[in-house]
Amino acid sequence: MSRPELIAPPEIYYGDTEAKKYTNNSRIQQIQADMTYRALELLNLPEGEPAFLLDIGCGSGLSGEILDEEGYLWVGVDVAPSMLEVALEREVEGDLFLQDIGQGFGFRPGSFDGAISISVLQWLLNAETSHPTSSPPHRLTRFFTTLHAALKNPSRAVLQFYPTSDDQIQLITSIAQKAGFGGGIVVDYPNSKKARKVFLCLFVGGGGGQQQLPKGLEGEENEEAEGRALFEKRRERLRAKEKSGKRKSLKDKDWILKKKELYRKRGKEGVPLDSKYTGRKRKAVF
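Each residue of the sequence shown is one higher than the last, beginning at 1 in the UniProt record's numbering.
(1) Indicate the three-state DSSP secondary structure (helix, strand or coil) for Ala-115 in the structure shown.
(2) Measuring alpha carbon to alpha carbon, tell me which residue in Gly-216, Leu-67, Phe-203 is nearest Tyr-189.
(3) Judging by CA-CA distance, which residue of Leu-273, Phe-105, Ile-56 is the nearest neighbour of Ala-150?
(4) What is the DSSP secondary structure of Val-198, counted as helix, strand or coil?
(5) Out of Gly-110, Arg-196, Gln-170, state which residue places its alpha-carbon closest to the alpha-carbon of Ala-157.
(6) Within the same chain, show all residues whose beta-carbon is closer than 7 angstroms to that of Pro-81, passing over the 5 residues directly before and after it, in chain order.
(7) Looking at Asp-100: is its Cβ nearer than 8 angstroms to the Cβ of Val-75?
(8) Grouping DSSP H, G and I as helix and E and B as strand, with all else coil, what is Gly-208?
(9) How far does the alpha helix (DSSP H) with Ala-87 in it reach, from first residue to last?
(10) Could you check what DSSP says for Phe-181 in three-state terms: helix, strand or coil?
(11) For Ile-169, which residues in the same chain have their Cβ closer than 7 angstroms to its Cβ, ignoring the five residues on either side in sequence?
(12) Please tell me whether Gln-32 and Leu-67 are closer than 8 angstroms, where the distance is taken between their beta carbons.
(13) Can you tell me which of the three DSSP states Asn-24 falls into?
(14) Please list, in chain order, all residues of the same chain as Gly-270 whose beta carbon is under 6 angstroms from its beta carbon, the five residues on each side excluded.
(15) I'd like the span of the alpha helix (DSSP H) that includes Gly-64, first residue to last.
(16) Would Val-120 pass as a contact of Phe-161 if the rule is Cβ separation under 8 angstroms?
(17) In this structure, what does DSSP give as the bridge partners for Leu-54?
(18) By DSSP's criteria, Phe-161 is part of a beta bridge. Which residues make up the other side?
(19) Give me the Cα-Cα distance between Glu-128 and Leu-213, rounded to the nearest whole angstrom.
(20) Report all residues from its chain with a CB closer than 7 angstroms to the CB of Lys-20; omit the five preceding and five following residues, and keep chain order.
(21) Could you check the C-alpha separation between Ser-192 and Phe-181 for me, to the nearest Å?
(22) Grab me the residues of Leu-125's own chain with a C-beta within less than 7 angstroms of its C-beta, minus the 5 sequence neighbours each way, in chain order.
(23) When we look at the beta-carbon of Phe-178 and count the other beta-carbons within 10 Å, is it buried (16 or more) or exposed?
(24) How is the beta strand (DSSP E) around Leu-98 delimited, first residue to last?
(25) DSSP puts Arg-156 in a beta bridge; with which residues?
(26) Since Ile-116 contacts Leu-53 with CB under 8 angstroms, what's their CB separation in whole angstroms?
(27) If you draw a straight line from the alpha carbon of Pro-132 to that of Phe-203, how long is it in whole angstroms?
(28) Spell out the partners DSSP gives Val-271 in its beta bridges.
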């Protein structure tokens, strides 16, 4: 996979200290968790089945932690080296790549079962230079065209972002449709200035119209607070199961076999051979 030269708005480059502060901010962690759970809900993946996901703008791995908890394999891309350094320090499970999404992806066709992105897409609306290829339409076209190719048929991509106008929404959705995507915009809490969230829910395959666009959540801030409480309770239950040993191991034999197969497809050397002992728990030796 290619790793193109970085071209990004200076505002999204973080120094090492700033990246750690951003990651350790409890409010940011909560917001990121809420939106990641919501993105997964809109992604509508088959329950109980393994999936290989792309986390676009993965940052320090806050969304990746949720993907880990849900049992998904994932790859994260981000333009900020310092954020990826923090993700490595936190030992997230996903594979990480330094990449400017405005230059497109270099993944093999049909690599992913789905994609999510939290608070990233709006950065593609910035013109980096006066050159035509750095204009928002060109960057958006490269992004959506290569993303469409990287996704399996059928699948979905759910991209949460912060538009500043209806014109921006129209530009983004029109370019996504030209790239081959179906779907559209889902707005949660449309009548609340504080709680309102915009998701671009894109479909690959299924004839476009055969996949039904989900409905946005309704209500005001109190409903959003209730949703946060439910998400937090869910995470607490998962952690409690992990501590008690009752939760099914995410790294079972199927998980390990799929991970090894992905490594082989990418040409990674030294991947252990499969055997009847793959994924078998070893007895403790005293």
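Virtual Cβ for every residue (Gly too), placed ideally from N, Cα, C.
The answer reads as follows:
(1) strand
(2) Gly-216
(3) Phe-105
(4) strand
(5) Gly-110
(6) Leu-98
(7) no
(8) Interpretation of Gly-208 is limited by its pLDDT of 43, a score under 50 that renders its predicted location unreliable; no figure is taken from the coordinates.
(9) 81-89
(10) coil
(11) Pro-163, Ile-185
(12) no
(13) helix
(14) none
(15) 62-69
(16) yes
(17) Val-75, Ala-115
(18) Val-198
(19) 33 angstroms
(20) Val-86
(21) 29 angstroms
(22) Pro-136, Gln-168
(23) Position check: residue 178 holds Lys in this sequence, whereas Phe was assumed. Exposed.
(24) 95-98
(25) Gly-114, Phe-203
(26) 7 angstroms
(27) 29 angstroms
(28) Answer by DSSP bridge pairing: none, since Val-271 is not bridged.
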